[in-house]
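What follows is a set of notes on a single structure, which appears directly below.
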Amino acid sequence: MKSFSLLSRGTGVAFLAPAGLLIGAFVIAPFFWVIYVSFTNRSLLGRTALDPDFVGLANYFSLFDAATFFTRAEFGSSLILTIQFVLLSAVVGQAALGMLLAWMLQSVPKSLKHVTETVAIGAWILPEVVIAFAWFAFLDYENGTLNMIMEALGFPPGDWLLSFPFWAIVVFNTWRGTAFSMMLFNSAFSSIPPSYFQAADVAGASSWQKFRDIGLPLIRGHVVTDLILITMWSFNVFTPFLLTSGGPSYRTEILPIYTYRIAFRDFDFGKGAAVGVVVMLINLVFALFYLWVMRRRAKGVVA
Amino acid sequence: MTRYLGLYFTRIGFSVATALIGVFFALPLVWFIFAPFNPRAELGLSIPEPFSLANFETVFQNSFAMRGLWNSLVQSVGGVILVGAGATLASYALSRSPIPGKSVIAYILLLFSSVVSGSAAMVPIFLIINGIGLIDTQVAVILVFAGGLLPTAMFILRDFIDSIPKSYEESAMVAGASPVQAFFDVALPVIRPGIVVVVVWAFVSIWGSFLIPFILLRSSEKMPASVAIYSFYSEAGTPIVTLLAAYSLLYSLPVVILYLFVSWKFGFRFFGGIKA
Numbered sequence: 001m002k003s004f005s006l007l008s009r010g011t012g013v014a015f016l017a018p019a020g021l022l023i024g025a026f027v028i029a030p031f032f033w034v035i036y037v038s039f040t041n042r043s044l045l046g047r048t049a050l051d052p053d054f055v056g057l058a059n060y061f062s063l064f065d066a067a068t069f070f071t072r073a074e075f076g077s078s079l080i081l082t083i084q085f086v087l088l089s090a091v092v093g094q095a096a097l098g099m100l101l102a103w104m105l106q107s108v109p110k111s112l113k114h115v116t117e118t119v120a121i122g123a124w125i126l127p128e129v130v131i132a133f134a135w136f137a138f139l140d141y142e143n144g145t146l147n148m149i150m151e152a153l154g155f156p157p158g159d160w161l162l163s164f165p166f167w168a169i170v171v172f173n174t175w176r177g178t179a180f181s182m183m184l185f186n187s188a189f190s191s192i193p194p195s196y197f198q199a200a201d202v203a204g205a206s207s208w209q210k211f212r213d214i215g216l217p218l219i220r221g222h223v224v225t226d227l228i229l230i231t232m233w234s235f236n237v238f239t240p241f242l243l244t245s246g247g248p249s250y251r252t253e254i255l256p257i258y259t260y261r262i263a264f265r266d267f268d269f270g271k272g273a274a275v276g277v278v279v280m281l282i283n284l285v286f287a288l289f290y291l292w293v294m295r296r297r298a299k300g301v302v303a
Numbered sequence: 001m002t003r004y005l006g007l008y009f010t011r012i013g014f015s016v017a018t019a020l021i022g023v024f025f026a027l028p029l030v031w032f033i034f035a036p037f038n039p040r041a042e043l044g045l046s047i048p049e050p051f052s053l054a055n056f057e058t059v060f061q062n063s064f065a066m067r068g069l070w071n072s073l074v075q076s077v078g079g080v081i082l083v084g085a086g087a088t089l090a091s092y093a094l095s096r097s098p099i100p101g102k103s104v105i106a107y108i109l110l111l112f113s114s115v116v117s118g119s120a121a122m123v124p125i126f127l128i129i130n131g132i133g134l135i136d137t138q139v140a141v142i143l144v145f146a147g148g149l150l151p152t153a154m155f156i157l158r159d160f161i162d163s164i165p166k167s168y169e170e171s172a173m174v175a176g177a178s179p180v181q182a183f184f185d186v187a188l189p190v191i192r193p194g195i196v197v198v199v200v201w202a203f204v205s206i207w208g209s210f211l212i213p214f215i216l217l218r219s220s221e222k223m224p225a226s227v228a229i230y231s232f233y234s235e236a237g238t239p240i241v242t243l244l245a246a247y248s249l250l251y252s253l254p255v256v257i258l259y260l261f262v263s264w265k266f267g268f269r270f271f272g273g274i275k276a
């Protein structure tokens, strides 16, 4: 079929070229290069920096070595830590809290709704370094706001970043990211015709019944979208590094921080690349699932 | 009657719970609102007495801090120009030219950009930049950000351009304009709102980011403000809280202003949906 088009093929290619070059060099090439480097013993310093040897699957064997898999500061323990971090801070924290907030915001006074939305969005849009520093001050043992409140309420103060570092980054990531889920669910809930809820009110349904039988089933598609996106983001987030640097004693070393330490502190690029490949494979599963859901929805099949 | 009483109590219960969660969100930020104006600020929360701008004076006199803001500006503006220009041309081509497999290209790009995250790709990106001899240059930071942000920017803009009727450009070409003229004189002004959103999003992303400049830059005079702030509180022993608080506020200002601009102009949900 011949159709009239505005740009010739040549002009089209020329228009695509600048973006294509940049994406090729800094998105597509890294994808393949990281796979290649993961089969070498490339390092930052020394002989293998310039002339790395091909080591086959040695890096992967060392990552998945059963003897050290559960040892702290090794890959396996970092992977388990990351899965716990994502489940607790993204799925339970961000999604559940965002859902709860979005549902409650439907029936609270307008002014309270605005104030709550504003602070949650503030937590989300401010630059990560600033947020991390604010939390650093918030959790400080001597003077932090949190301990000030604890003491005012008659509880003993805690050295949160030392005693509960993992929970600190879980709460931190929940706090940081809930706004996205809240906004997504908020717009999903407000797209439901109000008459559905009015009918339920007349029938005497409780808020929980309305949520379970009307609200949740009608926004199922949004829930899937939200869960995939926040899981992927939390799985790749480097921000906790700014709060804890992965410590104390590797207890907050989620995979992005682990990769950074292996590659840029221990200078073991080969092993760092192998971790990168594993992370990318996990990302790929999520991204393919996301695209599949999106395409189904675009074709009109309700997900 | 009882059922309306029930609704009433639900509303009160929800309001109390919402207020409590709101307080949970506000608490870590409260300190950050007062400390910049308190010349004796510590990590503890206290109302400034007297209210003063002395901390900002300290920042303005600190050349490392000021150079950090300047570097952030250079890197963000550089990246934004590449992303804005590259994405506009490319997404226009994807929308209007007869290149085969356009939608497949768009999906593959989106797939790659979500798989190749900063944390997974830090090793190869460092090696590529090292290989072409750009380590410790601002150009490296700009190029890496542009490459990383372009796929999403193209996806957003292509959606936007697809929604504009082709008849605008077609009538210009019937009147004798060349395709390139039709693009610059007819299409571009119509696409501008979409470009503004993409540009603001790219600016905020680069301005706020930490990891890429942290691994690609070495010398302190090239560091953006994000890395400068981090080094102020992580390496200096006891952090100079007064300086840090005021500096963080200055550094956050452009993000907040741009956010308010976009939410006033386009409604914040649009902006919210595309933050990656």
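Protein chains in written order, with full-length UniProt numbering: chain U, 1 to 303; chain A, 1 to 276.
Just so it is clear, CB atoms sit at the ideal spot from N, CA and C, and this is done for glycine as well.
Three-state secondary structure (DSSP) of residue i
{"i": "ASP268 (chain U)", "result": "strand"}
{"i": "PHE51 (chain A)", "result": "coil"}
{"i": "SER43 (chain U)", "result": "strand"}
{"i": "PHE155 (chain U)", "result": "coil"}
{"i": "PHE64 (chain U)", "result": "coil"}
{"i": "PRO239 (chain A)", "result": "coil"}
{"i": "PRO224 (chain A)", "result": "coil"}
{"i": "VAL77 (chain A)", "result": "helix"}
{"i": "THR82 (chain U)", "result": "helix"}
{"i": "SER207 (chain U)", "result": "helix"}
{"i": "ARG9 (chain U)", "result": "helix"}
{"i": "PHE31 (chain U)", "result": "helix"}
{"i": "ASP51 (chain U)", "result": "coil"}
{"i": "TYR259 (chain A)", "result": "helix"}
{"i": "ALA19 (chain A)", "result": "helix"}
{"i": "PHE9 (chain A)", "result": "helix"}
{"i": "GLU57 (chain A)", "result": "helix"}
{"i": "ARG218 (chain A)", "result": "coil"}
Residue i - containing alpha helix (DSSP H), residue span
{"i": "SER234 (chain U)", "result": "220-235"}
{"i": "LEU57 (chain U)", "result": "Where LEU57 (chain U) is concerned, there is no enclosing alpha helix (DSSP H), given that its DSSP letter is neither H nor E."}
{"i": "ASP201 (chain U)", "result": "194-202"}
{"i": "THR152 (chain A)", "result": "138-162"}
{"i": "ILE257 (chain U)", "result": "255-260"}
{"i": "ALA102 (chain U)", "result": "97-105"}
{"i": "THR244 (chain U)", "result": "240-244"}
Inter-residue spacing [alpha-carbon to alpha-carbon] between residue i and residue j
{"i": "LEU242 (chain U)", "j": "ILE257 (chain U)", "result": "10 Å"}
{"i": "THR71 (chain U)", "j": "SER77 (chain U)", "result": "6 Å"}
{"i": "MET99 (chain U)", "j": "ALA245 (chain A)", "result": "33 Å"}
{"i": "ASP140 (chain U)", "j": "GLU49 (chain A)", "result": "22 Å"}
{"i": "SER248 (chain A)", "j": "PHE183 (chain A)", "result": "42 Å"}
{"i": "VAL134 (chain A)", "j": "LEU127 (chain A)", "result": "First, the amino acid is wrong: residue 134 (chain A) is Leu here, not Val. Distance between the alpha carbons of LEU134 (chain A) and LEU127 (chain A) is about 10 Å."}
{"i": "LEU20 (chain A)", "j": "VAL59 (chain A)", "result": "35 Å"}
{"i": "LEU16 (chain U)", "j": "LYS110 (chain U)", "result": "47 Å"}
{"i": "LEU253 (chain A)", "j": "ASN38 (chain A)", "result": "18 Å"}
{"i": "ALA153 (chain A)", "j": "PRO248 (chain U)", "result": "38 Å"}
{"i": "PHE270 (chain A)", "j": "SER226 (chain A)", "result": "Only weak support is given to the placement of PHE270 (chain A): the predicted model assigns it a pLDDT of 42, under 50, and the question is left unresolved by the model."}
{"i": "TRP167 (chain U)", "j": "ARG158 (chain A)", "result": "41 Å"}
{"i": "GLY24 (chain U)", "j": "GLY147 (chain A)", "result": "8 Å"}
{"i": "SER207 (chain U)", "j": "THR10 (chain A)", "result": "7 Å"}
{"i": "VAL200 (chain A)", "j": "VAL262 (chain A)", "result": "8 Å"}
{"i": "THR244 (chain U)", "j": "PHE172 (chain U)", "result": "11 Å"}
{"i": "GLU221 (chain A)", "j": "VAL186 (chain A)", "result": "43 Å"}
{"i": "LEU112 (chain U)", "j": "TYR259 (chain A)", "result": "21 Å"}
{"i": "MET44 (chain U)", "j": "THR68 (chain U)", "result": "Here residue 44 (chain U) is Leu; the residue named in the question, Met, does not match the sequence. For LEU44 (chain U) and THR68 (chain U), the distance between alpha carbons rounds to 24 Å."}
{"i": "LEU7 (chain U)", "j": "PRO217 (chain U)", "result": "45 Å"}
{"i": "GLY68 (chain A)", "j": "SER219 (chain A)", "result": "12 Å"}
{"i": "GLY272 (chain U)", "j": "LEU153 (chain U)", "result": "46 Å"}
For the pair the region 128-147 of chain A and the region 281-301 of chain U, tell me if three or more CB-CB distances fall below 8 Å. no
At least 3 beta-carbon pairs within less than 8 Å: the region 20-38 of chain U vs the region 109-120 of chain A: yes
Completely contained alpha helix (DSSP H) runs for the region 172-211 of chain A, where each covers 4 or more residues: 188-208
Identify every run of the alpha helix (DSSP H) within the region 92-127 of chain A, keeping only runs that are complete inside it and at least 4 residues long; order them along the chain. 102-115
Is there contact here, the region 188-195 of chain A with the region 157-173 of chain A, by at least three beta-carbon pairs under 8 Å? yes
Within the chosen definition, does the region 127-138 of chain U reach the region 203-223 of chain A through at least 3 CB pairs nearer than 8 Å? yes
Three or more C-beta pairs under 8 Å: does that hold for the region 225-240 of chain A against the region 14-32 of chain A? no
In chain order, which continuous runs of the alpha helix (DSSP H) of length 4 or greater are located wholly inside the region 108-170 of chain U? 110-125, 128-138, 145-152 and 160-163
Would you call the region 176-192 of chain U and the region 90-98 of chain U in contact, with 3 or more CB pairs under 8 Å? yes
Does the region 143-158 of chain A come close enough to the region 70-81 of chain A that 3 or more CB-CB pairs lie under 8 Å? yes
Can you confirm whether the region 84-102 of chain A touches the region 222-242 of chain U when touching is taken to mean that 3 or more C-beta pairs between the two stretches lie within less than 8 Å? no
Is it true that the region 48-64 of chain U meets the region 279-291 of chain U, where meeting means three or more beta-carbon pairs spaced less than 8 Å apart? no
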